[in-house]
Amino acid sequence: MPDRINVTRSSMPPFEEYMQEIRPLWDSRWLTNMGEKHDQLQQQLQQVLGVAQVSLFANGHSALEMTLQALGLPHGGQVITTPFTFASTVHAIVRSGLEPVFCDIRPGDCTLDPACIEPLVGPATCAILPVHVYGNLCDTEAIAAIAERHGLKVVYDAAHAFGVTKGGVGAGSFGDASMFSFHATKVFHTVEGGAVASSDPALHQTLYSLRDFGIADAEHVEAVGGNAKMSEFHAAMGLCNLRRLPQYIASRREVCQRYLQRLAGAPGVRVLLQSAPDVQPNYAYMPVYFDPAVIPEGREGVQRRLAAQGIGARKYFYPLASDYGCYRAQYDSSRTPVARRAAAGVLTLPLYEGLALADVDRICDIILQK
Ligand SMILES: *Cc1c(COP(=O)(O)O)cnc(C)c1O
Numbered sequence: 062m063p064d065r066i067n068v069t070r071s072s073m074p075p076f077e078e079y080m081q082e083i084r085p086l087w088d089s090r091w092l093t094n095m096g097e098k099h100d101q102l103q104q105q106l107q108q109v110l111g112v113a114q115v116s117l118f119a120n121g122h123s124a125l126e127m128t129l130q131a132l133g134l135p136h137g138g139q140v141i142t143t144p145f146t147f148a149s150t151v152h153a154i155v156r157s158g159l160e161p162v163f164c165d166i167r168p169g170d171c172t173l174d175p176a177c178i179e180p181l182v183g184p185a186t187c188a189i190l191p192v193h194v195y196g197n198l199c200d201t202e203a204i205a206a207i208a209e210r211h212g213l214k215v216v217y218d219a220a221h222a223f224g225v226t227k228g229g230v231g232a233g234s235f236g237d238a239s240m241f242s243f244h245a246t247k248v249f250h251t252v253e254g255g256a257v258a259s260s261d262p263a264l265h266q267t268l269y270s271l272r273d274f275g276i277a278d279a280e281h282v283e284a285v286g287g288n289a290k291m292s293e294f295h296a297a298m299g300l301c302n303l304r305r306l307p308q309y310i311a312s313r314r315e316v317c318q319r320y321l322q323r324l325a326g327a328p329g330v331r332v333l334l335q336s337a338p339d340v341q342p343n344y345a346y347m348p349v350y351f352d353p354a355v356i357p358e359g360r361e362g363v364q365r366r367l368a369a370q371g372i373g374a375r376k377y378f379y380p381l382a383s384d385y386g387c388y389r390a391q392y393d394s395s396r397t398p399v400a401r402r403a404a405a406g407v408l409t410l411p412l413y414e415g416l417a418l419a420d421v422d423r424i425c426d427i428i429l430q431k
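Residue numbers (this note's numbering): 62 to 431.
As structure tokens, this is what we get:
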């Protein structure tokens with residue numbers, strides 16, 4: 062039996078390259094708290110993302126929570142977001158003393174449906190938190206127009222969108238701020254890590270202090286912060302991975318294109334990825350919708366048959382956040398029918414740098430029962 066294929070696999074630089082990157086830390090003994098590697102990575106990311114400010118964090122979730130705190134949103138305020146996301150997005154809102162209001166998504170790319178946002182805006186609404194799901198960019202223009210009309214903040218969960226550009230503009234350029242995750246499973250990673258991109262130096266300054274206990278200087282603590290600093294070892298991993306990013310993306314691109322080729326035209330099978338001439342994607346995920354009206358075994362059947370051959374495919378995202386045990390008493394997911402359908406029919410297929418095209422063929426053969 063061939064080796065197991067998981068849905069994802071972390072990209073790794075050569076061992077020696079990482080060793081070389083961390084060697085200076087044995088001399089300096091400066092292991093965390095905004096050291097040399099941290100500053101280098103921050104500067105390089107500003108270039109790569111094409112944004113004025115990048116604040117590095119220990120993980121993407123803390124970055125998102127602290128951004129909501131830094132924006133000074135009113136306690137109990139409502140934040141319009143999507144139920145079709147990772148737990149982090151919604152938990153960040155709730156843990157910040159805010160209330161999520163779930164908005165439906167578009168069936169083609171699973172991003173927030175701008176037409177559904179405005180009817181949800183009320184007197185308590187203070188922000189919109191859209192997600193660039195699977196690296197699919199939200200309709201940032203429509204969202205900006207709605208936010209402007211109602212005086213709302215916009216924070217993007219760009220955890221999936223590292224390196225995506227539209228008309229040459231980076232995914233971190235929209236709204237008041239964008240959160241990126243550098244978790245080990247992401248296209249670009251620092252093992253654990255994250256960042257906030259923005260064009261606002263004041264926000265950057267606030268985040269600098271919040272992630273370090275709210276400490277302003279040796280004798281002044283001006284905010285109720287936490288600890289979410291990126292260590293030198295994590296930043297060093299980031300420097301190595303950033304060097305190899307073009308290679309990682311090129312490999313993922315080949316894999317994605319093979320999937321698209323093989324699955325094109327299969328009845329009841331729809332790839333949930335945008336393709337637009339002015340968008341440069343990052344090939345982060347291969348989300349596929351299996352239409353239960355056309356495929357009797359449904360998504361569950363496909364997942365079972367893949368699993369029987371040692372291939373992991375993931376129900377990403379299922380369940381909807383509004384159906385989590387901790388939220389379902391407060392929400393009714395039938396109000397977001399498109400999101401509900403997506404969650405019931407989606408599987409993300411194995412996709413990572415270095416996945417062999419022969420394996421992609423094997424996966425597609427199983428899916429298509431060839
Ligand atoms: C990975 C992810 C996060 C959280 O990032 P961490 O770095 O793991 O804390 C948030 N939102 C989405 C959509 C993600 O995929």
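Note that CB positions come from ideal geometry on N, CA and C, so glycine has one too.
CB contact flag (residue i, residue j, <8 Å)
i	j	result
tyrosine 79	alanine 404	no
proline 168	alanine 382	no
arginine 272	lysine 290	yes
glycine 111	glycine 255	no
tyrosine 309	valine 421	no
glycine 229	alanine 219	no
glycine 196	alanine 238	no
leucine 412	tyrosine 346	yes
valine 215	alanine 208	yes
valine 252	alanine 245	yes
leucine 333	aspartate 88	no
phenylalanine 190	isoleucine 154	Here the sequence assigns leucine to residue 190, which means phenylalanine is not the residue at that position. Their beta carbons are under 8 Å apart, which means leucine 190 touches isoleucine 154 by this criterion.
alanine 203	glycine 138	no
asparagine 343	valine 225	yes
serine 395	aspartate 384	no
leucine 213	cysteine 187	yes
Status (buried if at least 16 other CB within 10 Å, exposed otherwise) for residue i
i	result
proline 75	exposed
alanine 419	exposed
alanine 124	buried
asparagine 288	exposed
glycine 281	The sequence shown places histidine at residue 281, not glycine. Exposed, by the Cβ-count rule.
asparagine 94	exposed
glutamate 358	exposed
arginine 401	buried
lysine 98	buried
arginine 304	exposed
valine 68	buried
proline 307	exposed
serine 336	exposed
arginine 317	It is cysteine, not arginine, that sits at residue 317 in the sequence shown. Under this definition cysteine 317 is a buried residue.
leucine 173	buried
alanine 58	The chain is shown only over 62 to 431; residue 58 falls outside these bounds and no answer can be derived.
cysteine 387	exposed
arginine 313	buried
serine 260	exposed
alanine 148	exposed
glycine 231	buried
glycine 133	exposed
glycine 236	buried
Sequence-distant residues of the same chain with beta carbon closer than 6 Å to residue i, five excluded per side
i	result
glutamine 103	Val115, Leu117
lysine 376	none
glutamate 340	A small fix is needed here, since residue 340 is valine in this sequence, not glutamate. Lys227.
proline 328	Val355
aspartate 200	Pro175
valine 70	First, the amino acid is wrong: residue 70 is arginine here, not valine. Tyr413.
alanine 277	Ser270, Glu283
serine 242	Gly121, Ala220, Gly255
aspartate 352	Gly329
For residue j and residue i, believed in contact at Cβ under 8 Å, the rounded distance
i	j	result
alanine 151	proline 161	A quick correction: the sequence has valine, not alanine, at residue 151. Indeed they touch by this definition, with Cβ atoms about 5 Å apart.
glycine 406	arginine 360	5 Å
arginine 84	glutamate 126	Going by Cβ atoms, the distance from arginine 84 to glutamate 126 rounds to 34 Å, so no, they are not a contact pair.
arginine 365	valine 349	With a Cβ gap of about 15 Å, arginine 365 and valine 349 do not count as contacting.
serine 72	histidine 250	7 Å
glutamate 293	glycine 96	5 Å
valine 192	threonine 128	Contact flag wrong, Cβ pair sits at about 14 Å.
isoleucine 424	valine 363	Actually they do not touch by this definition, with Cβ atoms about 10 Å apart.
Cβ neighbours of residue i in the same chain (closer than 8 Å, five flanking residues each side left out)
i	result
arginine 65	Gly371, Ile372, Gly373
leucine 300	Glu82, Lys98, Gln101, Leu102, Gln105
glutamine 107	Ala113, Gln114, Val115
alanine 92	The amino acid occupying residue 92 in the given sequence is leucine; alanine does not appear at that position. Same-chain partners within the cutoff: Leu86, Ser292, Glu293, Phe294.
CB contact below 8 Å: residue i versus chain C
i	result
alanine 222	The chain labelled as chain C is not found in the depicted structure, where only one protein chain is given.
Cβ-based neighbour list, residue i, same chain, cut-off 7 Å, excluding 5 preceding and 5 following
i	result
alanine 131	Leu264, Thr267, Leu268, Leu271
leucine 181	Ile141, Val162, Cys164
**Complete runs of the alpha helix (DSSP H) confined to the stretch 298-328 [at least 4 residues]** = Counting only runs that start and end inside the stretch 298-328, the alpha helix (DSSP H) elements of at least 4 residues fall at 306-324.
**Message:** To test your reading of the DSSP string, which unbroken alpha helix (DSSP H) runs of 4 or more residues are found completely within the stretch 156-183?
**Reply:** Runs of the alpha helix (DSSP H) inside the stretch 156-183: 175-178.
**Every unbroken beta strand (DSSP E) within the stretch 236-268, with a cutoff of 3 residues, ordered by chain** = With a minimum length of 3 residues, the continuous beta strand (DSSP E) runs that stay inside the stretch 236-268 are 238-242, 255-259.
**Message:** Please give the ranges of any beta strand (DSSP E) in the stretch 360-422, keeping only runs that are unbroken, at least 3 residues long and fully inside the region.
**Reply:** Taken in chain order, the unbroken stretches of beta strand (DSSP E) that lie wholly in the stretch 360-422 and span 3 residues or more are 407-409.
**Request:** Any chance you could list the alpha helix (DSSP H) runs of at least 4 consecutive residues sitting entirely within the stretch 75-114, in chain order?
**Result:** Those alpha helix (DSSP H) runs which fall completely within the stretch 75-114 and span 4+ residues are 76-89, 97-110.
**Pocket of ligand 2 (residues with CB nearer than 6 Å to any heavy atom), chain order** = In the structure on display, ligand 2 does not appear, and the ligands it does have are ligand 1.
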